[in-house]
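Chemist: Structure incoming, see below.
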Amino acid sequence: MTVALSCFALLFLSSAAFFHASSKRSWFKHLRESTNARRIAKLAGWALLGLALVLISVAWGWAKGVSAWFALLFLAGIASLLIATLFNRAHLPAGFVMLVAAAGTKAIAPE
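Sequential numbering of the sequence shown, starting at 120, is according to this note's numbering.
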């Protein structure tokens, strides 16, 4: 459960990074104007995607891990779109709250 929650948080942050890497959709002035900042956001998104895939595949095996990764990627994308639509500038705080919740779950109920 903790691995899935951590993976979901990482995938949510990666989808937020891809969302803000676009010059048209980003609410942050620095990201809209700087090509290097958008490139770094895209690289961070890809790195988080890869980290989430490795994390869940190591924990659940490659057969189940990749399938679960795709399912969590879909859910994280939907959650990212909903948060972007309903609450301006709430991507990063929401993602970090998810990571803290995943860490707290690991501390309270270790697997």
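Yeah, the Cβ is synthetic: ideal placement off N, Cα and C, and Gly gets one too. What you are looking at is a predicted structure, and each value in this text was computed from that prediction instead of being measured.
Would Leu129 and Leu191 be called neighbours here (beta carbons separated by less than 7 Å)?
Modeler: Cβ atoms of Leu129 and Leu191: not closer than 7 Å.
Chemist: Does the distance from the CB of Ala213 to the CB of Ile202 come in under 7 Å?
Modeler: A contact, by the Cβ cut-off of 7 Å.
Chemist: Do Ala163 and Ala136 have their CB atoms nearer than 7 Å?
Modeler: In contact: Ala163 and Ala136 (Cβ atoms closer than 7 Å).
Chemist: With a CB to CB cut of under 6 Å and the five nearest residues on each side skipped, what residues in its chain are close to Ser134?
Modeler: If we look at Ser134 and ignore the five residues flanking it on each side, its Cβ neighbours are Ala195, Gly196 and Ser199.
Chemist: I need the DSSP call for Phe137, collapsed to helix, strand or coil.
Modeler: Three-state result, Phe137: helix.
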